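Following: one structure in structure tokens, then a few remarks.
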Amino acid sequence: MQLTVIGAGPAYTNRRGSVGSSYLVRAEGPALLLDLGQGAFPNLASTIEPSTLVAVVVTHLHPDHFVDLVPLRHYLRFEFEPSRRVAVIGPTDLGTRLDALHGTAGWTASSFDISTLAEGVRRVGPFEVEARRVLHSGDSFALRVSVAGGSGAGSGTPGPGLVYSGDCGRADDLLPLIRPGDTLLADASFGAGPMPVEDMHLTTAEAARAAAAGRAARLLLTHIQMGYSRPDALAAAQAVFAGPIRFVVEGDELKV
């Protein structure tokens, strides 16, 4: 699989070019999108034809992870004749949230085939997607994506996958998803810390602890808030996890 970082930003930032969380996973052509946060649609549309996505999977109902479904919906509806559709898998009430933005019932269903994200494994195009609940806000999920029949949770064949934490406030919640050799793409909102008590995110050391415990091959850090030192955050992770570690930014392309 190939991972393209469409967006790696937090809910707000002063870093030019930073947009909300969005990660594109491809398997020799077919593409699956994980989240679509604020400002991410232009990066997506300049990377692939958005109407060809096999699905968009939304990890939780915070706008910095789903609000650019709005321009995607407009694009699908008005750029083509006839209009096109894309499957969207997300927590309960995602469609209701989107309809409410425009005050129009059925606004979402006009371009998206919405289904509910729940714990377990499902086939999405050529991918196997495993979802597990994590501590954050309401229905929040982490995901493991692999090529179906190659390294998926139900395939019985070992191989690498991508584990994406979404926003996660408890590192141990990620452990049921991580298999030896996986790549962990982890929320690291509060860098080396300290972390505000009321915020349910991870520090880099906590993300590294999950990578070490799950015997991940490498750790990719993302979603860091402004004001936190990246060198300090990286050092805190390196003190816990011996494998390769890096922050990802918009435009990064990596093999999984």
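Heads up, the sequence shown is in this note's numbering, so the first residue is 680 and it goes up one at a time.
Every residue, glycine too, gets a C-beta built ideally from N, C-alpha and C.
Just so we're clear, the structure is a prediction, and the values are computed from it rather than from any experiment.
When you compare each of the options to residue i by their alpha carbons, which one comes out closest?
i	options	result
A890	G817, G828, R858 and P875	R858
A788	V749, R811, E760 and R812	V749
S762	F791, A779 and G774	F791
Q681	W786, L841 and M874	L841
V765	G774, T731, H781 and F759	T731
S819	S825, L853, W786 and Q917	L853
Check residue i in the structure and name its three-state DSSP category.
i	result
V928	coil
E809	strand
Y754	helix
F920	coil
V698	coil
R858	coil
L814	coil
G835	Unreliable placement is indicated for G835, whose pLDDT of 49 sits below 50; the coordinate value is still reported in the next sentence. Of the three classes helix, strand and coil, the one that applies to G835 here is coil, per DSSP.
F720	helix
G686	strand
S789	coil
S830	Because S830 carries a pLDDT of 45, less than 50, the predicted location of this residue cannot be relied on, and no value is offered for it.
S819	coil
T692	coil
A784	coil
R849	coil
S868	coil
V749	helix
T738	coil
S908	coil
L773	helix
L933	strand
T731	helix
With distances taken between CB atoms, is the gap from residue i to residue j smaller than 7 Å?
i	j	result
G708	G686	no
A887	G860	no
R823	L856	yes
L933	M879	no
A821	G845	yes
A850	A884	no
L863	L913	no
D743	A690	yes
A710	P805	no
G872	T882	yes
A827	R801	no
S701	G688	no
V684	V927	yes
L740	R776	yes
P875	V935	no
L712	Y843	no
Mind checking which residues open and close the beta strand (DSSP E) that includes residue i?
i	result
R802	G799 to V803
T901	R897 to T901
L711	A710 to L713
A766	V765 to G769
A889	It is not in any beta strand (DSSP E) - A889 instead sits in the alpha helix (DSSP H) that spans T883 to A892.
L841	L841 to Y843
Review point. Are the segment 859–879 and the segment 899–906 touching by the rule of at least three beta carbon pairs closer than 8 Å?
Key: In short, these stretches touch, since the Cβ pair count reaches three.
Check your understanding: Using 8 Å as the threshold, is the segment 765–781 in touch with the segment 720–727, meaning 3 or more CB pairs across them?
Key -> no
Review point. Is it a yes or a no for the segment 795–812 touching the segment 730–739, going by three-plus beta-carbon pairs under 8 Å?
Key: yes
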